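Sequence order for the protein chains is A and B. The numbering of the first sequence is our numbering, which starts it at 220 and goes up by one. The numbering of the second sequence is our numbering, which starts it at 220 and goes up by one. No residue lacks a Cβ here, since even glycine has one placed at the ideal position from N, Cα and C. The model shown is predicted, which means the values in this text are computed figures rather than measured ones. Right, one structure below, let's go through it.
Number of protein chains: 2
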Amino acid sequence: MIMMRLGLQAQRVFHSFSRSLSGHSVSGVLQIQGFGALWKSPSAFQSLRPFSKMSLWPSNIHLQDYSEPNESWSPEMRQLYDQYIALCEVRTDGGEVKTGPWQKLPSYNRTLKHGIVAAQRPKTIDPRARLFTRNVEEKGAAFEYVVFMNDQERRCVCVFQSGHLLEGPPGYVHAGAVATMFSTVTTTLSMLFGRVLTANLNLNFRSPVPLGSVSLIHSAVDKVEGRKIFVTCRMTSIDESKLYTDATALFLSGKLGHVFGTKSV
Amino acid sequence: MIMMRLGLQAQRVFHSFSRSLSGHSVSGVLQIQGFGALWKSPSAFQSLRPFSKMSLWPSNIHLQDYSEPNESWSPEMRQLYDQYIALCEVRTDGGEVKTGPWQKLPSYNRTLKHGIVAAQRPKTIDPRARLFTRNVEEKGAAFEYVVFMNDQERRCVCVFQSGHLLEGPPGYVHAGAVATMFSTVTTTLSMLFGRVLTANLNLNFRSPVPLGSVSLIHSAVDKVEGRKIFVTCRMTSIDESKLYTDATALFLSGKLGHVFGTKSV
Numbered sequence: 220m221i222m223m224r225l226g227l228q229a230q231r232v233f234h235s236f237s238r239s240l241s242g243h244s245v246s247g248v249l250q251i252q253g254f255g256a257l258w259k260s261p262s263a264f265q266s267l268r269p270f271s272k273m274s275l276w277p278s279n280i281h282l283q284d285y286s287e288p289n290e291s292w293s294p295e296m297r298q299l300y301d302q303y304i305a306l307c308e309v310r311t312d313g314g315e316v317k318t319g320p321w322q323k324l325p326s327y328n329r330t331l332k333h334g335i336v337a338a339q340r341p342k343t344i345d346p347r348a349r350l351f352t353r354n355v356e357e358k359g360a361a362f363e364y365v366v367f368m369n370d371q372e373r374r375c376v377c378v379f380q381s382g383h384l385l386e387g388p389p390g391y392v393h394a395g396a397v398a399t400m401f402s403t404v405t406t407t408l409s410m411l412f413g414r415v416l417t418a419n420l421n422l423n424f425r426s427p428v429p430l431g432s433v434s435l436i437h438s439a440v441d442k443v444e445g446r447k448i449f450v451t452c453r454m455t456s457i458d459e460s461k462l463y464t465d466a467t468a469l470f471l472s473g474k475l476g477h478v479f480g481t482k483s484v
Numbered sequence: 220m221i222m223m224r225l226g227l228q229a230q231r232v233f234h235s236f237s238r239s240l241s242g243h244s245v246s247g248v249l250q251i252q253g254f255g256a257l258w259k260s261p262s263a264f265q266s267l268r269p270f271s272k273m274s275l276w277p278s279n280i281h282l283q284d285y286s287e288p289n290e291s292w293s294p295e296m297r298q299l300y301d302q303y304i305a306l307c308e309v310r311t312d313g314g315e316v317k318t319g320p321w322q323k324l325p326s327y328n329r330t331l332k333h334g335i336v337a338a339q340r341p342k343t344i345d346p347r348a349r350l351f352t353r354n355v356e357e358k359g360a361a362f363e364y365v366v367f368m369n370d371q372e373r374r375c376v377c378v379f380q381s382g383h384l385l386e387g388p389p390g391y392v393h394a395g396a397v398a399t400m401f402s403t404v405t406t407t408l409s410m411l412f413g414r415v416l417t418a419n420l421n422l423n424f425r426s427p428v429p430l431g432s433v434s435l436i437h438s439a440v441d442k443v444e445g446r447k448i449f450v451t452c453r454m455t456s457i458d459e460s461k462l463y464t465d466a467t468a469l470f471l472s473g474k475l476g477h478v479f480g481t482k483s484v
């Protein structure tokens, strides 16, 4: 059950690091040690010291945010993206721009091992390794998606456009590709509670997803009982009139230090 | 819930067609209409008429069997493949070679729409479309797997080698890639009962799967109640000492004609 813990840790650092890239100044190490808290309180970033040489990422690695719009996005995909982007900032009466209820999460195709973990566990590194959901360079061919998080409401939404390489049934998305998106979205949401691991993913397939179509994936925290985090998730058509698949996921909070072989991670 | 029905239909034809390629002479149309029965009784192929122009596949499409060994396979992968291949044929006391208890199933990267369905539903065709689990041409980079079926024991086994493009957590296979293999294997097994659809896939993640490792996926029919087919599945290390993930899947038998828009399919 360690699998998703590692995944979450990696994704958490993606998000944390991206914030440093997007203006927040965060130490690489502080990102890791304090991210659980930072995540719940974005404003906490302001109190951290300037980005330093302690960055998680080697300077020679260019980090592309795969959740940014590209030419493969359909008008529907772009319209939904713009709708949520507009909710990421709010303007006060005084004309000041502040963080809104939603945050767009960046998405990269590398994991922690290319950074701080790489230095500590060189034997585990395969430079060719890429994140499963971002392993195709051709834009629009596989998974095109962007996740928006609403920390206060403990929910997130993902706008997903399937590419021609995700086919299962003729003209429809492969059930495994659907499951992959559910794993990605529920895992991202569960990071609200710091380090977690996935214990269960239970999927109900209701209707096929047309290949090349855009769908919405809504996920919310159902309840929290001690270390158990119960998450619900559903994939629908963009007007939410058609339910494609719904699922529940169970995550357990935990620590990752012993997994990464270092207490700093 | 039509999604997997289409997938199964497509896969069933893959297998059926492959048998015609491998010596069994089967009419394309007969493959579709009678495959449920053919599958349960491979010997039934012998009574069918020679492969004809009614083939599902245009002659200009080269069908590569992605389940054949290639240079990316590790010694462990190849050894397990050879072990099961040896069980696919039995030699009688008279020296005659007959079909054994196991059958190796071929695997292609196209679906039905390139064949008979293409002719009937041209608008649904995207020539770039590829089966999700076979969408990477680079050998060993993504999903390397082969499924062996034991019809009489109503179970199958899949030998799976994960490539560097399936990464989730640093150094481990993405949970979505694991779910994808469970979907593929349980779906293939359920085809023993003809046309089916997936209603549910319930996954328990026990331990992470090292990226690049070889694992075994065993799946068996638990019980059949009317239209309901209950399947169990587990992914373990090759010596089966370590359980990575286990799951249950529920399939429902059904028809596909109305989905394909033709009674012949």
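Contact list for residue i against chain B, beta-carbon separation under 8 Å
i         : result
A:Arg-373 : Neighbours of A:Arg-373 on chain B: none; closest Cβ ~21 Å, over 8 Å.
A:Asn-419 : Asn-421, Leu-422, Asn-423 and Phe-424
Three-state class that DSSP yields for residue i in the structure shown
i         : result
B:Tyr-463 : strand
B:Ile-436 : strand
A:Arg-414 : coil
A:Asp-312 : coil
B:Ser-456 : strand
A:Val-392 : strand
A:Val-248 : Below a pLDDT of 50, predicted positions are generally treated as unreliable, and A:Val-248, at 24, falls in that range; the measurement from the model is reported next regardless. Note: A:Val-248 maps to helix in three-state DSSP.
B:Gly-473 : coil
A:Ala-468 : strand
B:Leu-282 : coil
B:Gln-371 : coil
B:Ser-326 : coil
B:Leu-422 : strand
Contacts that residue i makes with chain A (C-beta to C-beta distance below 7 Å)
i         : result
B:Thr-455 : Here the premise fails: no neighbours, minimum Cβ distance about 14 Å.
B:Asn-354 : Leu-384
B:Asp-465 : Correct list: empty, because the minimum Cβ distance to chain A is about 11 Å.
Own chain, CB closer than 8 Å to residue i, minus 5 neighbours either side, in chain order
i         : result
B:Lys-461 : Ser-426 and Thr-455
A:Val-450 : Thr-405, Leu-408, Ser-409, Ser-438, Ala-439, Val-440, Asp-441, Thr-467, Ala-468, Leu-469 and Phe-470
B:Val-428 : Ser-381, Tyr-391, Val-392, Val-397, Ser-434, Met-454, Tyr-463 and Thr-464
B:Val-443 : Phe-412 and Phe-449
A:Val-316 : Glu-308, Val-309 and Arg-310
A:Asn-419 : Thr-467, Ala-468 and Leu-469
Cut-off 6 Å between Cβ atoms - residues of its own chain near residue i, not counting five sequence neighbours on either side
i         : result
A:Leu-350 : Asn-328
B:Asp-465 : Asn-423 and Arg-453
B:Arg-374 : Ala-439
B:Leu-299 : Val-378
Beta carbon of residue i nearer than 8 Å to that of residue j
i         : j         : result
B:Phe-367 : B:Ser-434 : no
B:Thr-311 : A:Ala-394 : no
B:Pro-325 : B:Asp-284 : yes
A:Glu-295 : A:Ile-457 : yes
A:Gly-431 : B:Asp-345 : yes
A:Lys-323 : A:Ser-286 : yes
A:Asn-421 : B:Asn-289 : no
Chain B residues whose Cβ lies nearer than 7 Å to that of residue i
i         : result
A:Leu-385 : Phe-351
A:Ser-402 : Ala-394, Gly-395 and Ala-398
A:Ala-348 : His-383, Glu-386 and Leu-430
Residue from the options with nearest C-alpha to residue i
i         : options                                       : result
A:Ile-304 : A:Arg-347, A:Gly-387, A:His-383 and A:Val-365 : A:Val-365
A:Ile-436 : A:Phe-412, A:Thr-403, A:Cys-377 and A:Ala-361 : A:Cys-377
A:Ala-361 : A:Glu-386, A:Leu-411, A:Glu-459 and A:Ala-348 : A:Glu-386
A:Ser-291 : A:Gly-445, A:His-383 and A:Gln-322            : A:His-383
B:Thr-399 : B:Gly-359, B:Arg-353, B:Leu-306 and B:Gly-431 : B:Arg-353
A:Phe-412 : A:Glu-308, A:Ala-348 and A:Arg-446            : A:Arg-446
B:Pro-320 : B:Ala-348, B:Gly-314 and B:Glu-308            : B:Glu-308
B:Pro-389 : A:Arg-347, A:Leu-282 and A:Pro-389            : A:Arg-347
A:Leu-306 : A:Thr-318, A:Glu-459, A:Glu-372 and A:Gly-314 : A:Thr-318
B:Glu-363 : B:Val-316, B:Arg-297 and B:Glu-315            : B:Arg-297
Interface residues of chain B facing residue i [CB-CB closer than 9 Å]
i         : result
A:Asp-345 : His-383, Glu-386, Gly-390, Leu-430 and Gly-431
Where residue i meets chain A, residues with beta-carbon distance less than 8 Å
i         : result
B:Ser-472 : Correct list: empty, because the minimum Cβ distance to chain A is about 15 Å.
Neighbourhood of residue i by C-beta distance below 7 Å, restricted to the same chain and skipping five residues each side
i         : result
A:Thr-403 : Thr-352
Residue i at chain E interface by Cβ criterion, 8 Å
i         : result
B:Ala-305 : The structure shown contains no chain E; its protein chains are A and B.
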